[in-house]
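Structure first, commentary second.
In UniProt numbering, the protein residues as written are 1 to 433.
Rendered as structure tokens:
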């Protein structure tokens, strides 16, 4: 009888337990599936040009993508979603190295045969954009991190484009210098009119030298600048680098040796003592009032990094041009660097003159920061340039992109590997594993 009563009571309580369980399930579902706003972006550090105190940028979360027709560094510098018209407004003068070859080839279209005839030398990459997707068609030589970094940067510009991108096919080379074909390169000399300039790999990252990503370098430069205002910076011309047996660098080292106004040392990347005692990180360059820029095998990647310091850049007459060089001003009211003789004749006299009026030179340093670090060398500017390069190339293409290769038997085969897979495998063919 007792057992029967227990069973009866348990049965009577069961509906309440089921109802309670059902209510808890509904509440859990409502809680976990309720609509959420995206988490706000983490605050970033920003040094205003008029105040050296570090601040948190409230606009970063409240108006990050709200470009209103007027460039605002704190709001817009990481805005990767600008339209072509907005890019024109934000970065007047940035696209000269796209517009120049477009003018050259507008009435003489780039043919597929020209791409076929482009020498497949070390660093060669042939690719296409088809239906908003980047494909790698062919490569030659070792594709080091610089090639991967360049493809990452191009891909980012595509993924963030608010407007459809055209189908194009092109070749690029990520080595230091190439000659005489309509292809995308990091730098060119004046006579290389067929060269189309693209942003170089360091705008993504240069990990081997421990400079790291471009954003990382910029953040470190800002932190250093916060502790090194102009009147505290060291009154010397700083340079670090390997001479690589290049005449322009050897001459510079020779001219500056033993000078009180110079802090110049050569580096041996394979010597532990040299690296420990002589190396200066890129952000440590910002501790100096004057920074020397010298070319390397062709251009030198250091210039864009130096532009992140509120310092006066002293450069010899340059033979190689990068995509942002049309914005450099060596004299006049918009001057943003000092140019000296390529063999450094008169450098000592020039430095004595600069040191005598060093307080007046802060305007040049400030202008360099305003023009480059805070505008034309931002991620927003870089992505705008990539997309304009794509559009400009399409304007002069004299053929249509073909997605398939058709065999003699009529079989269609893909011409390229999606960039996502190529960046992981770093090759075009492989067996399953």
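Every residue gets a Cβ at the ideal spot worked out from N, C-alpha and C, and that includes glycine.
In this structure, the beta-carbon distance from residue 201 to residue 149 falls below 7 Å. Shown here, residue 213 sits in a strand according to DSSP, grouped into three states. Measuring C-alpha to C-alpha distances from residue 145 to each of 237, 174, 324 identifies 174 as the nearest. Put simply, the backbone Cα of residue 390 is about 14 Å away from that of residue 87.
In this structure, DSSP gives residue 129 an extended state, which the three-state scheme calls strand.
The count of Cβ pairs closer than 8 Å, one atom from the region 320 to 340 and one from the region 184 to 195, reaches three, so the stretches are in contact.
According to the DSSP assignment, residue 240 belongs to the beta strand (DSSP E) that extends over 234 to 241. Here residue 419 is not near residue 211, since their CB atoms are 7 Å or more apart. Judged by their CB atoms, residue 401 and residue 167 are nearer to each other than the 7 Å cut-off. For residue 238, the closest C-alpha among the options 376, 289, 141, 81 is that of 289.
Taking 8 Å as the upper bound for CB-CB distance, residue 266 and residue 242 are in contact here, some 6 Å apart.
Contact annotation: residue 93 and residue 279 have beta-carbon atoms that are not nearer than 7 Å. Counting of Cβ neighbours within 10 angstroms places residue 106 among the exposed residues, the total staying below 16.
With a beta-carbon spacing of about 6 Å, residue 379 and residue 80 fall inside the 8 Å limit used to define contacts.
For the region 324 to 410, the full-length beta strand (DSSP E) segments reaching 3 residues or more read 338 to 340, 404 to 406 along the chain.
Classified as buried, residue 129 has 16 or more neighbouring CB atoms from the shown chains inside 10 Å of its CB.
The region 240 to 315 contains, as complete beta strand (DSSP E) runs of 3+ residues, the segments 262 to 266, 288 to 293 (chain order).
Within its own chain, the residues whose Cβ lies closer than 8 Å to the Cβ of residue 250, once the five positions on either side in sequence are excluded, are 243, listed in chain order.
Looking at the backbone, the Cα of residue 117 and that of residue 176 are separated by about 20 Å.
Shortest Cα-Cα distance from residue 206 to any of 90, 305, 318 involves 305. Note on geometry: alpha-carbon atoms of residue 359 and residue 371 lie some 20 Å from one another. By the C-beta density criterion, residue 232 is exposed, having fewer than 16 other C-beta atoms within 10 angstroms. Linking residue 339 to residue 411 through their CA atoms gives a straight-line distance of about 59 Å.
The continuous alpha helix (DSSP H) containing residue 158 extends over residues 145 to 159. When secondary structure is reduced to three states using DSSP, residue 176 falls in the coil class, being assigned neither helix nor strand. Cβ neighbours of residue 101 within its own chain (closer than 6 Å, five residues either side excluded): 196. The beta carbon of residue 268 sits closer than 6 Å to the beta carbons of 274 from its chain, once the five residues preceding and following it are set aside; these are given in chain order. The residue among 172, 140, 78, 183 with its C-alpha nearest the C-alpha of residue 219 is 78. Counted as a single uninterrupted DSSP element, the beta strand (DSSP E) harbouring residue 413 occupies residues 412 to 414.
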